[in-house]
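In the numbering used here, the protein residues as written are 685 to 824.
Take a look at the structure below.
Following this line, the structure appears as structure tokens:
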């Protein structure tokens, strides 16, 4: 359970978005989120704000971005809100979850019912970031 801030990956951050509910780190081709302990994450209160800020910074609809959820804290989310994400014409190249708690992987199974692509699960930040970077290698 390590924050991106305490790794060498932090040197490659293009922009940090700090919110009361967590932080989002924008890299070239991917973003990493770290949502705070106890947050009840929803489209209206959280995700919509993140999507707007990330798309404003990257100037794309997300189709060129891999989203990594670094779940270093325990929080809940509304899995059906993925439908609102797609209804608003947003896309992702890939979605990965780093789970350190058993419940985070259980929640991922439920999320996968509403996410249009396969959600990749990881046990470490390093493996998730290597996976995100591999998208650029495949397309180069």
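Ideal Cβ placement from N, Cα and C applies to all residues, glycine included.
Item	Value
Spell out whether any CB of chain C is found under 9 Å from the CB atom of residue 725.	Absent from the structure is chain C; it holds one protein chain and no more.
Would you call residue 721 buried or exposed, if buried means 16 or more other Cβ atoms sit within 10 Å of its Cβ?	exposed
Which residue comes first and which comes last in the alpha helix (DSSP H) that contains residue 741?	732 to 742
Buried or exposed, going by whether 16 or more other CB atoms sit within 10 Å of the CB of residue 781?	buried
Using 10 angstroms around the beta-carbon of residue 718, count the other beta-carbons present and answer buried if the total reaches 16, otherwise exposed.	buried
Given this structure, state the Cα-to-Cα distance separating residue 812 from residue 730, to the nearest angstrom.	23 Å
Quick check on DSSP: helix, strand or coil for residue 749?	coil
Express the C-alpha separation of residue 757 and residue 685 in angstroms, rounding to a whole number.	8 Å
Can you tell me where the beta strand (DSSP E) holding residue 718 begins and where it ends?	714 to 719
Compare the C-alpha of residue 706 against each of 692, 725, 694 and name the closest.	725
Using a Cβ-Cβ cutoff of less than 8 Å, which residues in the same chain neighbour residue 748 once the five nearest sequence positions on both sides are dropped?	713, 742, 777
From what residue to what residue does the beta strand (DSSP E) around residue 702 run?	699 to 703
Nearest-angstrom Cα distance between residue 688 and residue 806?	15 Å
For residue 779, name the three-state secondary structure that DSSP assigns.	strand
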